[in-house]
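J.:
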Amino acid sequence: MSENKEHMVEESAFLVSKTDLKGRITYCNEPFLKIVGAKQAEVLGKPHNIIRHPDMPRAVFKLLWERIKNKEEIFAYVKNKSFDGGYYWVFANITTSLDVQNNPVGYYSVRRKPNPKAIEVIEPIYQKLLSVEKSGGMDASMKFLTEFLKEKNISYDEFVNNLQRL
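The opening position of the sequence shown corresponds to residue 14 in my numbering, with each subsequent residue numbered one higher.
#1: Considering only residues of the same chain and omitting the five flanking positions on each side of Met-69, which have a CB-CB separation below 6 Å?
#2: Counting only the same chain and skipping the five closest in sequence on each side, list residues whose C-beta sits under 6 Å from that of Val-123.
#3: Specify the secondary structure class of Pro-127 as computed by DSSP and reduced to three states.
#4: Per DSSP, which one or two residues make a beta bridge with Leu-28?
#5: Would you identify the three-state DSSP class for Val-22, choosing helix, strand or coil?
#6: Look at the Cβ atom of Thr-108, then the Cβ atom of Tyr-121, and state whether they are nearer than 8 Å.
#7: Mind checking whether Glu-24 and Lys-165 have CB atoms under 8 Å apart?
#8: With respect to the beta strand (DSSP E) encompassing Leu-111, which residues constitute its N-terminal and C-terminal limits?
#9: When burial is assigned at 16 or more other CB atoms within 10 Å of the CB, is Gly-119 buried or exposed?
#10: Tell me the DSSP secondary structure of Lys-163 in three-state form.
Here it is in structure tokens:
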């Protein structure tokens with residue numbers, strides 16, 4: 014296990030995965046499999062959270078699920094774990110896949126290399142969110158995030174997209 018080994022997403026890579034409505038992986042591309050260090054058979058049908066890193070605050074996923082369940086796209090910085098115990102950061106775009114009647118049929122995520130300067134900003138925020146979650150739970154973490162954004166007078170979307178442009 015190499016828990017502290019960071020895997021870098023290639024500049025030109027797009028890591029793609031699709032899930033069903035329960036978050037089980039139904040598709041993933043080769044760059045996704047390569048960075049996770051898995052074979053397709055090891056991930057298809059599995060919950061997407063098998064790659065969730067413990068450094069990720071639950072509040073970020075709460076916000077993410079609220080958005081995509083409302084058929085709204087979201088961008089987020091996500092730290093995932095690889096099967097070898099290492100980790101990698103991505104700038105993810107997650108959307109809802111819809112059928113012809115506009116009913117959700119699953120979720121679609123395209124991830125790319127995050128701006129390293131953005132990770133320097135987001136990592137301490139995530140650490141604070143995790144700390145708040147441990148002491149006060151999910152509601153306290155969401156409140157902290159809301160207050161943080163309000164203090165900066167910026168929406169979540171503006172905040173993460175501006176970070177990617179640093």
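Glycine included, every Cβ here is placed at the ideal spot set by N, Cα and C.
T.: Quick look at the numbers:
#1: Here the set comprises Lys-92.
#2: Excluding the 5 residues flanking it on each side, Val-123 has same chain C-beta neighbours closer than 6 Å at Phe-27, Val-29, Asn-106, in chain order.
#3: The answer is coil: DSSP assigns Pro-127 none of H, G, I, E or B.
#4: Paired residues: Arg-124.
#5: If DSSP states are grouped into helix, strand and coil, Val-22 belongs with coil.
#6: Yes, they are a contact pair.
#7: At the C-beta level, Glu-24 and Lys-165 stay beyond 8 Å of one another.
#8: Bounds of the beta strand (DSSP E) holding Leu-111 are 100 to 111.
#9: A buried status is given to Gly-119, since no fewer than 16 other beta-carbon atoms sit within 10 Å of its beta-carbon.
#10: Helix, per DSSP.
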